[in-house]
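A.B. asks: Sharing a structure with you now.
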Amino acid sequence: MATRSTEKRPENRHRFKTFSERLSEVNIDVVHRISRVRDTQDIDTYFGEGVQKWKELNCTQHFSQFHKEVCQKCSNYTQVVHHELLVRLLSEGPYPGESGTTLLELTSDLLLCEKCSLGVAQISKLVTMIYQDPRKLPCGHTFSANCLEHWRYQQMQNGQSQFSCPMCHFKVRLEENGIDSIPVDMFTLKLLDLRDLYVSEKNHFYIHCRMCDSGGRMAGSCQDCHFLLCKNCLTAHSNTPALKDHHITLDDHCPKHTDQCMTFYCQPCAKLVCRDCAKTEHQPGPDHDPQEVSKVALEVKAELKALAENSKETFEIIKRTDNIIDEAVTSNAKNCKIQKEKIRKHFSQLRAKLDKEEQEVTLKLDQMEQAQMESFPKEKKLLEDTLRSKIRYGLESCSDMLARFNDVQIVTDRQQMKDRLLEAKEIHLDLNSLKQQVSFQPNTEMLACSPGSLSLCTTSTSIIVTEPAVEIDVGSNNPVLRFGQLGSQQGQFDRPIGVAVRGDRLYVADLGNNRVQVFDLSGNFLYTLPRSEHECMNPISLAVQEHNVVVKSGLKVIKYSPFGELLYGFPLGKFSTNPYALAVQRDGRVIVTDPGNHSILLFEADETMPNVKVIALVKKVGGQGQGEGQFNQPYFVCVDKEDNIIVADKSNNRVQVFDKDLNFRHKFGQYGRQPQDMMGPHGVSADSRGNIVLANLGGTTDGVRHDMKLQVFRPDGSWISSICSDGDKLNLPHGVAVTEDGHVFVTDTGDHCIRKYRYM
């Protein structure tokens with residue numbers, strides 16, 4: 001960048017002075033304000049106002065002199081060309097100077113890499129004069145990357161360890177990758193592209209694409225990416241979702257006649273063409289109708305204005321809607337405040353009632369304690385009186401008679417002494433009152449109740465319609481335990497499906513890893529069920545009978561010993577085309593679901609011959625439908641303590657219950673978004689009390705998933721509660737298994753993990 005010259009000003013300085021004086025009349029001193037600021041953004045206002053007033057005063061004949069004066073005041077080329085762009089924008093084209101040259105021509109030498117007597121002159125001969133890969137230092141100076149590399153090398157030769165700016169010697173800390181760590185000056189890079197465009201227009205040759213190596217002609221540029229793009233790259237850029245909002249500027253030159261601008265528009269082809277194309281390929285006729293772009297633009301403007309007029313009504317509606325939304329926001333905030341106060345009062349009443357109950361129970365306990373403490377001295381006094389009056393008297397009198405009486409008297413009075421001793425022996429002390437302890441038995445039914453729920457309501461002047469699009473269960477809870485993640489190591493999972501609990505062991509069918517993993521009830525890994533080297537296990541569902549594990553693997557049911565020994569297996573192919581889950585009754589009979597055929601199968605096996613199974617299909621029920629005993633994609637099944645068969649009828653959004661011989665008993669459930677409603681019931685399990693725990697896959701509304709929840713029902717199908725995580729939400733729940741202490745394990749195939757909840 002040339003420094004400010006101290007030599008005498010040119011003779012025609014009076015021209016700029018005249019211009020400055022005329023600008024000063026409106027209190028705009030462009031040159032001096034530019035000299036006081038460095039950032040381009042800070043001088044936009046000053047220069048923009050000056051150029052606009054300059055245009056109004058018709059001072060275009062003084063442009064060149066004005067520009068030279070401005071250049072001396074600007075701190076770098078970025079400011080100068082930024083102003084030229086603003087001039088061209090305000091004037092709808094380049095301003096001519098006295099010689100007919102443009103500002104870009106007058107300042108093209110300023111695109112050279114900065115060099116001066118500060119040590120860069122020696123290396124300037126080694127690099128291209130025009131900026132190549134411009135890099136901007138923290139001090140604001142811009143140099144070519146190659147120039148900086150040579151400057152860094154020269155500093156190292158001179159023993160300087162710290163890299164500094166060649167212009168102002170500002171210390172710059174470089175990263176490991178050296179000069180490449182200095183950011184690219186995107187603004188200068190864009191100016192270089194503008195220069196290339198200008199030169200190409202003047203010399204009638206085209207610019208190559210800066211995105212690809214095809215050598216294609218530049219067809220446009222992206223104002224956000226700062227790249228010149230060919231036609232193919234423009235298409236790829238426009239089809240990229242992440243770049244769809246970028247501003248694209250298209251070249252207005254004909255790709256076939258590069259010296260011609262596209263001044264005609266062919267209506268049938270919907271294409272811009274140049275004058276030569278309009279005379280050759282797009283001659284007026286039945287297939288072509290080239291018209292001047294200016295005339296077409298007038299028609300388009302008129303059409304757009306008509307559409308704008310028609311859109312005013314829509315605008316007014318939107319404006320009114322905006323007011324309605326503002327009112328709704330205020331009303332919603334007020335309503336939520338009221339509801340929050342209701343919640344506070346409700347739970348305050350509950351707490352007050354609980355506190356009162358606690359005080360009453362505690363008072364009763366104190367009274368019982370006092371009554372017991374008062375009875376203890378009475379019991380003690382009674383014991384002492386009995387001991388003194390009867391037992392001690394009998395023993396003392398007998399001892400005295402034995403000591404003082406002679407043999408004749410002893411024989412004579414023996415009956416009397418005997419009666420006294422027998423009487424003392426037969427004395428019975430009632431000590432039951434001393435063994436009594438106070439015991440408190442809490443009422444757990446209150447804990448199983450939900451103290452309230454929230455739902456969204458649509459209100460009008462006449463009706464209130466409850467639409468619980470978002471369920472917020474106040475009684476819900478997060479999982480008490482979560483373990484596992486995607487992987488193949490011990491304790492990791494790949495699409496876990498089935499799960500079973502037996503005693504203090506948790507068995508998980510790890511489908512993607514082709515194995516069954518065993519954990520304790522705290523989620524600690526114990527072992528993997530052994531299998532033979534050549535055996536392929538694809539576990540979907542499993543059940544534990546005594547200590548043996550029954551697994552549904554592919555089209556087979558396989559029974560393993562606790563040590564992984566194959567006890568027997570039988571194929572399902574001739575009975576079912578798409579078997580999924582299984583359950584095992586106490587007598588060993590196996591129930592298998594077939595969601596593809598919408599049916600349930602009951603098998604009975606002869607285990608008298610080791611490793612050989614004689615399979616008998618006892619019964620098959622089903623068929624697609626909504627009637628009793630009909631199904632629509634039943635996936636999971638379980639049995640309760642009475643061997644009743646419980647089936648999750650997924651697409652019918654219900655549960656069907658059968659007796660142990662597959663005779664229909666009852667059904668319950670319906671589709672909906674209320675807490676007691678079902679939405680894609682999947683995994684199912686029953687505890688020792690007959691309660692049924694059900695996992696719901698949920699649904700999707702407007703791209704938002706909802707109702708992935710657990711539900712608890714009584715044996716008769718009446719709803720007890722729902723479990724909806726507030727934080728760690730279920731993703732894709734599948735199998736469930738309950739424990740004796742009121743917990744339930746859920747396999748989450750989507751998150752490749754196991755979650756444990758407290759449900760009772």
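Just so you know, the sequence shown maps onto residues 1 to 760 in full-length UniProt numbering.
Quick reminder that beta carbons are idealized off the backbone N, C-alpha and C, glycines included.
Quick caveat: nothing in here was measured; it's all calculated off a predicted structure.
#1: Among I600, K171 and S722, which one has its Cα closest to the Cα of D707?
#2: Taking the alpha helix (DSSP H) that V172 belongs to, which residues open and close that run?
#3: Take V273 and list the residues in its own chain whose beta-carbon comes closer than 8 angstroms to its own, dropping the five residues that flank it on each side.
#4: Return the bridge partner residues of E628 from the DSSP annotation.
#5: If you draw a straight line from the C-alpha of A686 to the C-alpha of Q485, how long is it?
#6: Indicate whether D494 and N524 have their beta-carbon atoms separated by less than 9 angstroms.
#7: Whole angstroms is fine: what's the gap from H743's alpha carbon to S522's?
#8: Per DSSP, what kind of secondary structure is Q162 in: helix, strand or coil?
#9: Using only the alpha-carbon positions, how far apart do N177 and D224 sit?
#10: Based on Cα-Cα distance, which residue from H734, R689 and N731 lies nearest to D741?
#11: Secondary structure at Q489, three-state DSSP: helix, strand or coil?
#12: Go through its chain and collect everything with a Cβ distance to V501's Cβ below 6 angstroms, but skip five positions before and after it.
#13: Between which two residues does the alpha helix (DSSP H) holding V411 run?
#14: Reducing DSSP to helix, strand and coil, say where E604 ends up.
#15: D640 to V361, Cα distance in whole Å?
#16: Report, in whole angstroms, the separation of the C-beta atoms of N696 and Q670, which I expect to be a contact under 8 angstroms.
#17: Residues in the same chain with beta-carbon distance under 6 angstroms from G554, minus the five sequence neighbours each way, listed in chain order, please.
#18: By the 10 Å Cβ neighbour count, where 16 or more other Cβ atoms means buried, how is M186 classified, buried or exposed?
#19: From which residue to which residue does the beta strand (DSSP E) around A737 run?
#20: Per DSSP, which one or two residues make a beta bridge with S541?
#21: Hey, how far is the Cα of A605 from the Cα of R758?
#22: Assuming contact is defined by CB atoms lying nearer than 9 angstroms, are L137 and V172 in contact in what I supplied?
#23: In the DSSP assignment, the alpha helix (DSSP H) including N146 goes from what residue to what residue?
#24: Taking A543 as the reference, which of P595, R531, V684 and G623 has the closest Cα?
#25: Out of D133, C212 and G220, which has the shortest C-alpha to C-alpha gap to S181?
#26: So, helix, strand or coil for C254, using DSSP?
#27: At which residues does the alpha helix (DSSP H) containing C753 begin and terminate?
#28: Which whole runs of the beta strand (DSSP E) in the UniProt domain "B box-type" (254–293) are 3 residues long or more, in chain order?
#29: Using only the alpha-carbon positions, how far apart do K650 and E546 sit?
#30: Out of K342, G629, T747 and Q409, state which residue places its alpha-carbon closest to the alpha-carbon of residue 762.
#31: So is M218 buried or exposed if we call it buried at 16+ other beta carbons inside 10 Å?
C.D. replies: Taking the coordinates as given:
#1: In the sequence shown, residue 707 corresponds to position 707, counting from 1. Restricting attention to I600, K171 and S722, the CA atom closest to the CA of D707 is found in S722.
#2: The residue you call residue 172 lines up with position 172 of the sequence shown. Here V172 belongs to no alpha helix (DSSP H), and DSSP marks it neither H nor E.
#3: For the purposes of this step, residue 273 is taken as the residue at position 273 of the sequence shown. Excluding sequence neighbours, V273 sits near C254, M262, F264, Y265, C266, E281, H282 and P290.
#4: Here residue 628 refers to the residue found at position 628 of the sequence shown. None, per the DSSP bridge assignment.
#5: Taking the sequence shown and counting its residues from 1, the one referred to as residue 686 is at position 686. Taking the sequence shown and counting its residues from 1, the one referred to as residue 485 is at position 485. The straight-line gap from Cα to Cα measures roughly 27 angstroms.
#6: Here residue 494 corresponds to residue number 494 of the sequence shown, with the count starting at 1. Here residue 524 corresponds to residue number 524 of the sequence shown, with the count starting at 1. Note that the C-beta distance between D494 and N524 is not below 9 angstroms.
#7: Start at 1 with the first residue of the sequence shown, and residue 743 comes out as number 743. Start at 1 with the first residue of the sequence shown, and residue 522 comes out as number 522. Approximately 11 angstroms, taken between the alpha carbons.
#8: Position 162 of the sequence shown, counting from 1, holds the residue named residue 162. Note: Q162 maps to coil in three-state DSSP.
#9: Mapped onto the sequence shown, residue 177 falls at position 177. Mapped onto the sequence shown, residue 224 falls at position 224. Going from the Cα of N177 to the Cα of D224 covers about 26 angstroms.
#10: For the purposes of this step, residue 741 is identified with residue 741 of the sequence shown, where counting begins at 1. Residue R689 is the option with its Cα nearest to D741.
#11: If you number the sequence shown from 1, residue 489 lands on position 489. Of the three classes helix, strand and coil, the one that applies to Q489 here is coil, per DSSP.
#12: As a working mapping, residue 501 is identified with position 501 in the sequence shown. Closer than 6 angstroms at the Cβ level, and outside the excluded window around V501, lie A737 and T739.
#13: The residue you call residue 411 lines up with position 411 of the sequence shown. For V411, the uninterrupted alpha helix (DSSP H) run begins and ends at D407 to T412, by DSSP.
#14: Residue numbering aside, residue 604 sits at position 604 when the sequence shown is read from its first letter. Reduced to three states, the DSSP call for E604 is strand.
#15: Taking the first residue of the sequence shown as 1, we reach residue 640 at position 640. Taking the first residue of the sequence shown as 1, we reach residue 361 at position 361. Those two C-alpha atoms are separated by around 38 angstroms.
#16: For this step, residue 696 is matched to residue 696 along the sequence shown. For this step, residue 670 is matched to residue 670 along the sequence shown. Contact doesn't hold; Cβ gap of about 13 angstroms is too wide.
#17: Stepping through the sequence shown from its first residue, residue 554 is reached at position 554. N538.
#18: Here the question's residue 186 lines up with position 186 in the sequence shown. By the neighbour-count rule (16 or more Cβ atoms within 10 Å), M186 is not buried but exposed.
#19: Along the sequence shown, one-based indexing puts residue 737 at 737. Run containing A737: P733 to V738, per the beta strand (DSSP E) assignment.
#20: As a first step, residue 541 must be located in the sequence shown, where it is residue number 541. Note: S541 sits in a beta bridge opposite K552.
#21: Within the sequence shown, the letter at position 605 stands for residue 605. Within the sequence shown, the letter at position 758 stands for residue 758. Near 37 angstroms, if we compare the C-alpha coordinates of R758 and A605.
#22: Locating residue 137 in the sequence shown gives position 137, counting from the first residue. Locating residue 172 in the sequence shown gives position 172, counting from the first residue. Cβ distance < 9 angstroms, so L137 and V172 count as in contact.
#23: Looking up residue 146 in the sequence shown gives position 146. Here the alpha helix (DSSP H) through N146 covers A145 to Q157.
#24: By one-based count along the sequence shown, residue 543 stands at place 543. Comparing Cα-Cα distances from A543 to each of P595, R531, V684 and G623, the minimum goes to V684.
#25: The residue labelled residue 181 in the question sits at position 181 within the sequence shown. Nearest option by C-alpha distance: D133.
#26: Translated into the one-based positions of the sequence shown, residue 254 becomes position 254. The answer is coil: DSSP assigns C254 none of H, G, I, E or B.
#27: Numbered from 1 along the sequence shown, position 753 holds the residue referred to as residue 753. Taken as a continuous stretch (DSSP letters only), C753 belongs to no alpha helix (DSSP H), being part of the beta strand (DSSP E) at C753 to R758.
#28: Within the UniProt domain "B box-type" (254–293), complete beta strand (DSSP E) segments of at least 3 residues are found at 264–266, 271–273 and 290–292, given in chain order.
#29: Your numbering for residue 650 matches position 650 in the sequence shown. Your numbering for residue 546 matches position 546 in the sequence shown. Their Cα atoms are separated by approximately 29 angstroms.
#30: Only positions 1 to 760 of the chain appear in the structure, and residue 762 is not among them; the question remains open.
#31: For the purposes of this step, residue 218 is taken as residue 218 along the sequence shown, with counting starting at 1. Classification of M218: buried, given that the 10 Å Cβ count is 16 or more.
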